[in-house]
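Colleague:
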């Protein structure tokens with residue numbers, strides 16, 4: 015996924031700006047964020063350690079922001095790193111993602127122009143099958159970044175691949191088509207959708223694009239499996255047997 019504006023969107027963890035090389039600033043931001051979290055809740059003086067993973071506490075951003083001492087962007091970076099770690103630690107196991115939405119929502123509330131967090135956060139939510147939450151993150155990002163083609167593009171992809179809601183996919187790709195820098199294949203997708211043909215081909219292109227551009231191995235593996243399934247289905251269709 016390619017980015018625009020403040021970030022580049024190739025890797026799931028942001029291609030960090032120069033400020034993240036400033037170790038002292040990062041340490042201060044981490045301390046400020048930790049202090050803000052502690053200040054916003056009361057912690058028992060002698061908490062009993064539990065072997066069960068404890069839920070992550072999410073304070074309201076408007077309460078945390080003043081305590082961050084101007085390091086809101088760095089706090090967003092740190093929260094995003096935590097989000098990627100949270101997703102990666104659970105994708106292979108039986109645990110699900112009960113707090114994934116809150117992590118993505120907090121990251122994007124701290125930095126409303128963090129395109130990677132919207133794109134990959136909503137993609138993680140999609141993989142977790144939290145479709146309403148994924149849609150909410152995409153819509154939040156579109157409202158905050160109306161000139162970024164990536165977000166309506168990816169929302170259209172969700173509707174097309176996951177929900178098979180081709181009318182909504184058409185709607186969001188029509189919006190994408192009007193934005194600068196949009197991919198060259200969008201007009202082709204619009205023609206196919208308007209003609210109600212070529213859905214397997216469109217799905218294959220979308221998964222291939224995700225496989226090529228993502229550097230998250232879990233996402234690439236999912237894309238690899240979907241590409242194989244689509245190729246097999248297309249072969250069956252061409253052989254005159256459209257059944258799965």
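Residue numbers (my numbering): 15 to 258.
C-beta atoms are modelled at their ideal positions from N, C-alpha and C, and glycine is treated no differently.
Looking at the secondary structure, which residues open and close the alpha helix (DSSP H) in which residue 151 lies?
Modeller: Looking up residue 151 in the chain shown gives position 137. Unbroken alpha helix (DSSP H) run through residue 151: 145-158.
Colleague: Check each candidate in 116, 193, 222, 207 and name the one with the smallest Cα separation from residue 138.
Modeller: By one-based count along the chain shown, residue 138 stands at place 124. Nearest C-alpha to residue 138: 116.
Colleague: For residue 89, does the three-state DSSP call read helix, strand or coil?
Modeller: As a working mapping, residue 89 is identified with position 75 in the chain shown. Note: residue 89 maps to helix in three-state DSSP.
Colleague: Return the residue from the list 195, 197, 198, 171 that minimises the CA-CA distance to residue 185.
Modeller: Reading the chain shown from its first residue, position 171 is the one you call residue 185. Closest option to residue 185, Cα to Cα, is 171.
Colleague: Verify whether the separation of the beta carbon atoms of residue 86 and residue 124 is less than 9 angstroms.
Modeller: Residue numbering aside, residue 86 sits at position 72 when the chain shown is read from its first letter. Residue numbering aside, residue 124 sits at position 110 when the chain shown is read from its first letter. Closer than 9 angstroms, so yes.
Colleague: For residue 233 and residue 224, which I take to be in contact (beta-carbon distance under 8 angstroms), what is that distance rounded to the nearest angstrom?
Modeller: If you number the chain shown from 1, residue 233 lands on position 219. If you number the chain shown from 1, residue 224 lands on position 210. That belief holds up - the Cβ atoms of residue 233 and residue 224 are roughly 7 angstroms apart, short of 8 angstroms.
Colleague: Taking the continuous alpha helix (DSSP H) assigned at residue 199, which residues delimit it?
Modeller: Here the question's residue 199 lines up with position 185 in the chain shown. It is not in any alpha helix (DSSP H) - residue 199 carries neither H nor E in the DSSP assignment.
Colleague: Would you kindly check if the distance between the Cβ of residue 114 and the Cβ of residue 84 is under 9 angstroms?
Modeller: Along the chain shown, read from residue 1 onward, the residue named residue 84 stands at position 70. Along the chain shown, read from residue 1 onward, the residue named residue 114 stands at position 100. Contact flag unset, no.
Colleague: Residues in the same chain with beta-carbon distance under 8 angstroms from residue 196, minus the five sequence neighbours each way, listed in chain order, please.
Modeller: To locate residue 196, count along the chain shown from 1; it is residue 182. These residues qualify, in order along the chain: 163, 167, 190.
Colleague: According to DSSP, is residue 249 part of a helix, a strand, or is it coil?
Modeller: To locate residue 249, count along the chain shown from 1; it is residue 235. Note: residue 249 maps to helix in three-state DSSP.
Colleague: Taking all protein chains shown into account, do 16 or more other C-beta atoms lie within 10 angstroms of the C-beta of residue 177, making it buried, or fewer, making it exposed?
Modeller: As a working note, residue 177 is residue 163 in the chain shown. Exposed, by the Cβ-count rule.
Colleague: Is the beta carbon of residue 173 less than 9 angstroms from the beta carbon of residue 158?
Modeller: Counting from one through the chain shown, the residue named residue 173 turns up at place 159. Counting from one through the chain shown, the residue named residue 158 turns up at place 144. Contact flag unset, no.
Colleague: Under 8 angstroms by Cβ, that's how I've got residue 180 and residue 152 pegged, so tell me the actual separation to the nearest angstrom.
Modeller: Position 166 of the chain shown, counted from the first residue, corresponds to residue 180. Position 138 of the chain shown, counted from the first residue, corresponds to residue 152. About 17 angstroms separates the two Cβ atoms, so there is no contact after all.
Colleague: Name the two residues that bound the continuous alpha helix (DSSP H) containing residue 127.
Modeller: Locating residue 127 in the chain shown gives position 113, counting from the first residue. Here residue 127 belongs to no alpha helix (DSSP H), and DSSP marks it neither H nor E.
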